[in-house]
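The C-terminal position of the sequence shown is numbered 362 in the numbering used here, with every residue numbered one higher than the one before it. Each remark here refers to the structure printed beneath this line.
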Amino acid sequence: MAVVFDIGNVLIEWQPEDYFDREYGEARRRALFDAVDMHGMNDRLDRGEPWAQVVQETAAAYPEFSREILDWHERWLEIAGPVIERSVRLLRALRRKGVPVLALTNFGAESFELAQGHYTFLNEFDEAYVSGRLGLLKPEAEIYAALEAGSGVAPGDLLFADDRADNVEAALARGWKAHLFDGPEGWAARLVADGVLTEEEAR
Numbered sequence: 160m161a162v163v164f165d166i167g168n169v170l171i172e173w174q175p176e177d178y179f180d181r182e183y184g185e186a187r188r189r190a191l192f193d194a195v196d197m198h199g200m201n202d203r204l205d206r207g208e209p210w211a212q213v214v215q216e217t218a219a220a221y222p223e224f225s226r227e228i229l230d231w232h233e234r235w236l237e238i239a240g241p242v243i244e245r246s247v248r249l250l251r252a253l254r255r256k257g258v259p260v261l262a263l264t265n266f267g268a269e270s271f272e273l274a275q276g277h278y279t280f281l282n283e284f285d286e287a288y289v290s291g292r293l294g295l296l297k298p299e300a301e302i303y304a305a306l307e308a309g310s311g312v313a314p315g316d317l318l319f320a321d322d323r324a325d326n327v328e329a330a331l332a333r334g335w336k337a338h339l340f341d342g343p344e345g346w347a348a349r350l351v352a353d354g355v356l357t358e359e360e361a362r
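Structure (structure tokens):
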């Protein structure tokens, strides 16, 4: 058995709207996200397009929101976080037990490298399958196939946690075991139920 972690909203909170509410106020954030497809911009980064270039192009296209858009590059570490501490403890409990731990994440190649320097547990995976490096996005079947081929683990021996139902459904369709993450307590309970960790190990 190998355990596969998504990262955003599983190990690190990913709620960009919260950052913009704090920095600019809810009304300004709503105006920004109504005018600009910020998540679509981020999908381009997650598929491997150059980080600074994409953000600067978007800022130039929407000059009335350029300051806010540029934050997506210049203040990204303030947008991505905080850490979900119990999930990190579960990752490390798995590692101590010798269970292979993989990452399968929609994440920009450059922002993942930055995050690894700041959140050091991101260096603890046996293998990390990062969309921006692969040029593939969940829930596309090809990114799941890339993990299967790279890890050599049979689909039925993969247990995957992700916070998005479409990503979980895509894993289940390939024969993976999968858990829709809605908090670390439920994920801990699933790891215990599947016999991967004991209750004591999952605390």
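Every residue gets a Cβ at the ideal spot worked out from N, C-alpha and C, and that includes glycine.
About 7 Å separates the Cβ atoms of Leu-350 and Leu-249, confirming a contact at the 8 Å cut-off. DSSP places Ala-347 inside the alpha helix (DSSP H), whose first and last residues are 343 to 352. Check the Cα spacing between Ala-194 and each of Gln-215, Pro-209, Glu-227, Ser-246: the tightest is with Glu-227. Taken through DSSP and simplified to helix, strand or coil, Thr-217 comes out as helix. With 16 or more other Cβ atoms inside 10 Å of its own Cβ, Lys-297 counts as buried.
Contact between the segment 318 to 325 and the segment 234 to 241 is absent: fewer than three C-beta pairs spanning the two stretches fall below 8 Å.
With 16 or more neighbouring CB atoms inside 10 Å of its own CB, Gly-267 falls in the buried class. Within the DSSP secondary-structure output, His-338 pairs in a beta bridge with Ala-320.
Per DSSP, reduced to three states, the secondary structure at Gly-167 is strand. For Glu-208, the three-state secondary structure derived from DSSP is coil. Pairing Glu-272 with Ser-310 gives a Cβ-Cβ distance that is not under 8 Å. When rounded, the separation of the alpha-carbon atoms in Gly-257 and Val-355 is 10 Å.
Excluding its 5 nearest sequence neighbours in each direction, Leu-263 has C-beta neighbours in its own chain below 6 Å: Val-163, Tyr-288, Leu-306, listed in chain order. When the beta-carbon positions are compared, Arg-188 and Glu-176 come within less than 8 Å of each other. Rounded to the nearest whole angstrom, the C-alpha separation of Ala-337 and Ala-347 is 13 Å.
Look at Tyr-183 here: in three-state DSSP terms it is helix. When only Cα atoms are considered, Glu-359 and Phe-280 end up about 21 Å apart.
In this structure, the alpha-carbon of Glu-208 lies about 30 Å from that of Asp-341. For Leu-261, the enclosing beta strand (DSSP E) starts and ends at 260 to 264.
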